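Working notes for the structure below.
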Amino acid sequence: MAAFANILVGGAFHAAVLFLAAAGLQLVFGVQKILNLACGSFYALGAYFGVTFITAAAGAGLSPWLILPGLIVAGLLLGVIGPPIERMLRSVYERDESFQLLLTFALVLMFQDVFRFIWGANPRSLDSGYLIYGTINAREFSVPVYNLLVIAAAIGTAAGLGAFLQRTNFGRILRATAENRAMAEALGVDVRRVYSAVFTLGAVLGTTAGALVVPTAAASLDMAIDFVIEAFAVVVIGGLGSMRGALAGALIVGLIRAYAIALYPEVEVLAIYIVVIAVLLVRPTGLFGRPLA
Amino acid sequence: MRPPGAALVALAGTAALALVPALAPAYYATLMVPFFAYAIALLGFNLLFGKAGLLSFGHAMFLGLGAYGAAVMAGVLHVHSFEAVLCATMLAAAIVAVPIGFVCVRYTGIFFGMLTLAFGMLFYSFLFKFYYVTGGDSGMRVPRMSILGLDFARYNKIEFLAGPFYYYCLALLVAAGVLMWRIVHSPFGLHLRTVGDNARKAEYLGVHVRRCRLVAFVVSAAFGAAGGAILGFRIGLADPELVYWTQSGQLVFMAVLGGFAHFLGPIIGALAYIVLQDQLQSLTPYWRFVLGAILAVVVIGFPTGLAGLADDLRRRFRRSGA
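This is the structure in structure tokens:
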């Protein structure tokens, strides 16, 4: 029973991180109709930068208690890469989706060597400073409070994103642009600015997810291309472009992965992709996706 | 590119490639063997992408089937003839491709890409995790085989690859090219192009859209397996990296670099990619960055690829000459 609960919390932690990154992917796909293969690179960038930022901040006298807010700040700071990359993608909005996919693949290749150049080929990790928040122990059940805080942060982000999209003016403009770009433009929406903002927000969600995961796992070169596979599984299961889908998909993938690793490690990725194929066969648009036109 | 033009380019290219082992160091001849493998795989890939308009992001799966097929046939079952291995792996890939294709070709665009990616990753994780069957991340050895019933036992591995096997692969590529040319210009090829241009109209005209796509998928799988078997033979190893999704991305890269709208485009792209990668690797440890930048420039600035660029130049030249 305790083992079961441990796995549950582990899976939920992974799901929280997956949700953040997948929400960014969904936002960009929903509004700009671009499937961003570089989402994994943003995630890895957040992880690497998180290590550097916290190490530097600790050297400058940051209280170890501030590691969680510090990592979030590190993720947010990386938002600066959003606008220039969006500017680059702008040239292929009108093109076939295979070109869009390829351009983001080019970004994946380039980021891979940027990481190698700045941080080297060896994995980088933070000393397990996150244990400063303590762990909750109850008989065999044991979970670091840090993991619970990250789960809470992801739930908070989900609620915040929902409120932002549904209730604020900019959220409405965003949804209108996603619905019909030409009509939104005709009504006076500055689509360029919207795209730039959406892409930056999507990137920030990815980098923050990466930064938050780094106290528990090392940042490595394979991280980017491995993560894409999981993030894609999440959005395909949930349905492309749907926020609720990202949440459901992240939970499904996170939990399946946690239980597969604990019970039968051989099927870790296999199990996720069997679910992906099953969902695509029964509901090609995913659990919360809209029917194909 | 009009047919005579393409035939001329193909003929000149074949002649130039035939001279490589005689003129260049053995290193370059062995470097060309993966080129032949990718070129054959891309001929199939482009039937799907260039003609039917279906972008597969899991095509490395078939390269892997070819390489692992060769490893199983030659290493476990001790089949010594490469021709037998080639035929068997192509047949196996075609058989595997029927159910996968049946599922995938129900969708187009991004959904087709994601579904093929999912199947590719499924195969990858099988290869990677079930190490007692597949050797896991250390892969499976592909022993040396005979070609055309000859062992060439006098030659060491490098000499064999740079000599007899080089010409053997060149002949295979020519044969694959001729075969694909016939397929593309057959009634089936024309049907497929109509499907790629406008699937709804094609259906209205009585074309079996799904059946066409499925046949293209199966044919491209067989070509992919042939390429994979050659790759496995060249490296002497079938390992799961060959099936990872970045490998599929690399295939798409080659096709776009060369120009997928042209028959010879993907072959040109494979050649350019192999040479470029080799040169960059000797220049800088950050060759991926340069390749990524080149890909970005091609996608943004020259979406018709090298073949399209050559076409443009020729047209401009002709106009200024007239």
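Protein sequence lines, in the order shown, are assigned to chains A and B. Mapping the first sequence onto this note's numbering, position 226 (from 1) lands on 333, and the numbers just tick up by one. Mapping the second sequence onto this note's numbering, position 1 (from 1) lands on 888, and the numbers just tick up by one. Quick reminder that beta carbons are idealized off the backbone N, C-alpha and C, glycines included. Since the structure is predicted, the reported quantities are computational estimates derived from the model, not experimental observations.
- Each of A:Val341, A:Gly346, A:Arg364, A:Arg351 was checked against the Cα of A:Ala357, and the nearest Cα belongs to A:Val341.
- If you keep only unbroken beta strand (DSSP E) runs of at least 3 residues inside the stretch 1107-1138 of chain B, you get nothing at all.
- Under the three-state reduction of DSSP, A:Pro251 is assigned to strand.
- Using a Cβ-Cβ cut-off of 7 Å, A:Val376 counts as an interface residue toward chain B, since at least one Cβ of chain B sits closer than that to its own.
- Listed along the chain, the chain B residues whose CB falls inside 7 Å of the CB of A:Asp220 are Tyr1173, Arg1175, Phe1176.
- Against B:Pro1190, the close residues of chain A are Arg202, Phe206, in the order they occur along the chain (beta-carbon pairs closer than 8 Å).
- Those residues of the stretch 1139-1151 of chain B placed with their C-beta closer than 8 Å to a C-beta in chain A are Val1139, Phe1140, Val1143, ordered along the chain.
- Assigned with DSSP and collapsed to three states, B:Met1027 falls in strand.
- Nearest Cα to A:Asp220 within the set B:Tyr1131, B:Tyr1173, B:Ala1194, B:Arg1097: B:Tyr1173.
- Non-local beta-carbon contacts of B:Gly1195 in its own chain, meaning distances under 6 Å to residues more than five positions away in sequence, involve Gly1146 in chain order.
- The beta carbons of A:Met330 and A:Gly269 sit about 28 Å from each other, so the pair does not count as a contact at 8 Å.
- One thing to note: A:Ser170 has its Cβ no nearer than 7 Å to the Cβ of A:Val215.
- Contact holds between the stretch 1130-1142 of chain B and the stretch 204-213 of chain A, because three or more Cβ pairs, one in each stretch, are under 8 Å apart.
- Within the stretch 212-272 of chain A, there are no complete alpha helix (DSSP H) runs of at least 4 residues.
- Our two residues, B:Pro1074 and B:Tyr1054, have alpha carbons roughly 32 Å apart in a direct line.
- Contact check for B:Leu941 and B:Leu935: beta-carbon distance about 5 Å, within the 8 Å limit, so the pair qualifies.
- When C-beta distances to chain A are compared with 8 Å, the residues of the stretch 967-990 of chain B below that value are Val990, in chain order.
- Inclusion of B:Ala1116 and B:Gly953 in the CB contact set at 7 Å is warranted, their separation being smaller than that value.
- The beta carbon of A:Phe395 sits closer than 8 Å to the beta carbons of Gly345, Gly346, Ser349, Arg351, Gly352, Ala355 from its chain, once the five residues preceding and following it are set aside; these are given in chain order.
- Counting only runs of 4+ residues, the alpha helix (DSSP H) found wholly inside the stretch 946-1011 of chain B occupies 947-957, 969-991, in chain order.
- Closest in alpha carbon position to B:Pro986, among B:Leu1151, B:Ala1089, B:Val1102, B:Gly1192, is B:Val1102.
- The C-alpha of B:Arg1205 lies about 27 Å from the C-alpha of B:Ala1142.
- Per DSSP, the unbroken alpha helix (DSSP H) holding A:Ser303 starts and ends at 298-320.
- Here the alpha carbons of B:Ala1108 and B:Met1067 stand approximately 13 Å from one another.
- Pairing A:Thr307 with A:Gly186 gives a Cβ-Cβ distance under 7 Å.
- At a cut-off of 4 residues, the continuous stretches assigned as alpha helix (DSSP H) that sit fully inside the stretch 1150-1209 of chain B are 1152-1170, 1174-1188, 1192-1208.
- For the stretch 931-947 of chain B, the set of positions with a beta-carbon nearer than 8 Å to some beta-carbon of chain A reads Phe936, Leu942, Phe944 in chain order.
- Listed in chain order, the positions of the stretch 356-386 of chain A with a beta carbon within less than 8 Å of a beta carbon of chain B are Pro372, Glu373, Val374, Glu375, Val376, Leu377, Tyr380, Ile381, Val383, Ile384.
- For A:Ser198, the chain B residues whose Cβ falls inside 7 Å of its Cβ are Ile1187, in order along the chain.
- At the C-beta level, B:Met1032 and B:Ala1125 stay beyond 7 Å of one another.
- Chain B has a Cβ within less than 7 Å of the Cβ of A:Ala213.
- Assignment of B:Ser1033 by DSSP, reduced to helix, strand and coil, places it in the strand class.
- For A:Ala326, the three-state secondary structure derived from DSSP is strand.
- Judged by DSSP secondary structure, A:Lys140 falls outside any alpha helix (DSSP H); it is assigned neither H nor E.
- The stretch 1091-1106 of chain B makes no contact with the stretch 1008-1021 of chain B; the number of CB pairs closer than 8 Å stays below 3.
- For B:Met1001, a Cβ of chain A is located within less than 7 Å of the residue's own Cβ.
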